[in-house]
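Read the structure below first, then the notes.
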Amino acid sequence: MSTASELRRQIGRELAAQRELAGLNVTDPEAAAIVGSTRTLRRLEEGRSTRLTFAIIGRLAEHYGAPQQVRFELERIWRFVNDKIWAQTSLAIANSGWDAYLEFERLAVGLRKFETMFVPGEMQTERTMRRLFERGDVAPERIPVLIEDRLARQEALLGRLESIKLEYLLTETVLRCGCDDEQLNRMLEIDEHPNVTIKYLPFSGGPYPMLDVPFYVLSFRDHEDPSIVYLESPYERRFYENSDAVAKYHQIFEGGLRQAKSLKEFKR
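The numbers in this note's numbering rise by one with no breaks, and the one at position 243 of the sequence shown is 580.
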């Protein structure tokens, strides 16, 4: 697997879903005419390599009646399929409902997270989620839906702890800024699993060079497949697949682990 092949699969799945919503089958003659043949359409939906341009992807999505935001996002991401560095804007995710990171997380067998301010979403209690959403730019009526989605994501990730290794490196700020006893106990409980490591960087040892911006590193089952670095900002989500970037962030994470303390050592 690579970023390119997984992006093709994601786009293929989304187009297949839009086709089914339109009540069409994979032999639809108009769809075949847009992409060149039924065989090419099948290859596209299976996530296999094709020579289709982003404009054709957009025309196909339009034929299926996909919402305009979805069509634009599929076109935009298709342009990045073979790039080593690419981004997905937060607005595009909100408008299309399609978040590439969540698909990569679902496939990962190794996940390293460095957080400076917030408890990672998959370890948050419902109370922590609600507090964060209420203080964010979120419409009140959307909060129950967002909490339900996050709880489902938690269940999916933590439900496969036998097949994924999770490593968390947190600043002490995370543990002192809105992390109540219930939340701390929740993290300590998760930390008991042999495939989970949670450490924190104490104030007393800082500042810590290069450990100032949150980042994630995702690894996949085949060691020949590239790992991915993920950085998130209020404006966009950025992905790095190039080996130099991945190696650098692994190095930064390892350096942080060497200076960190176990979560079990934390005292209020």
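Ideal placement from N, C-alpha and C gives every residue a C-beta, glycine not left out.
The model shown is predicted, which means the values in this text are computed figures rather than measured ones.
Leaving out five residues on either side along the sequence, give the residues of the same chain with a beta carbon under 6 Å from the beta carbon of residue i.
{"i": "A429", "result": "E410"}
{"i": "L521", "result": "none"}
{"i": "T375", "result": "T364, A369"}
{"i": "A582", "result": "V566"}
So residue i and residue j are supposed to be a Cβ contact under 8 Å. How far apart are they, rounded?
{"i": "I393", "j": "V407", "result": "Contact flag wrong, Cβ pair sits at about 16 Å."}
{"i": "E383", "j": "G349", "result": "6 Å"}
{"i": "L538", "j": "F552", "result": "At roughly 14 Å, the Cβ-Cβ gap does not stay under 8 Å, so L538 and F552 are not in contact."}
{"i": "R356", "j": "S386", "result": "So it is not a contact: roughly 20 Å between Cβ atoms."}
{"i": "A424", "j": "R575", "result": "5 Å"}
{"i": "L361", "j": "Y401", "result": "7 Å"}
{"i": "L389", "j": "L352", "result": "The Cβ separation is near 11 Å, so there is no contact."}
Would you tell me roughly how many angstroms separate the C-alpha atoms of residue i and residue j, rounded to the nearest one?
{"i": "D420", "j": "H587", "result": "21 Å"}
{"i": "I527", "j": "C516", "result": "15 Å"}
{"i": "A431", "j": "K601", "result": "37 Å"}
{"i": "V482", "j": "E442", "result": "20 Å"}
{"i": "Y545", "j": "A584", "result": "19 Å"}
{"i": "A354", "j": "L506", "result": "37 Å"}
{"i": "T462", "j": "E471", "result": "14 Å"}
{"i": "D436", "j": "E343", "result": "13 Å"}
{"i": "I535", "j": "R479", "result": "31 Å"}
{"i": "E573", "j": "V550", "result": "14 Å"}
{"i": "L594", "j": "T377", "result": "47 Å"}
{"i": "Q347", "j": "G542", "result": "43 Å"}
{"i": "V566", "j": "L448", "result": "10 Å"}
{"i": "M466", "j": "R523", "result": "13 Å"}
{"i": "E578", "j": "I422", "result": "6 Å"}
{"i": "R490", "j": "G434", "result": "15 Å"}
{"i": "D486", "j": "T426", "result": "20 Å"}
Determine the burial state of residue i: buried for a count of at least 16 other Cβ atoms within 10 Å of its Cβ, exposed for fewer.
{"i": "M460", "result": "buried"}
{"i": "P457", "result": "buried"}
{"i": "K450", "result": "buried"}
{"i": "I501", "result": "buried"}
{"i": "V475", "result": "exposed"}
{"i": "K604", "result": "exposed"}
{"i": "F540", "result": "exposed"}
{"i": "E452", "result": "buried"}
{"i": "A493", "result": "exposed"}
{"i": "S564", "result": "buried"}
Who pairs with residue i in a beta bridge, going by DSSP?
{"i": "L488", "result": "DSSP lists no partner for L488."}
{"i": "A424", "result": "R575"}
Suppose the cutoff is 7 Å on Cβ atoms and the five residues either side in sequence are ignored; what does the same chain contact list for residue i look like?
{"i": "F391", "result": "E412, W415, R416"}
{"i": "A445", "result": "I501, L555, S556, F557"}
{"i": "I589", "result": "M547, L548"}
What residues in its chain sit with their C-beta under 8 Å from that of residue i, if we drop five residues either side in the sequence?
{"i": "L469", "result": "F455, Q461, G515"}
{"i": "N532", "result": "L498, E499, I501, K502, L503"}
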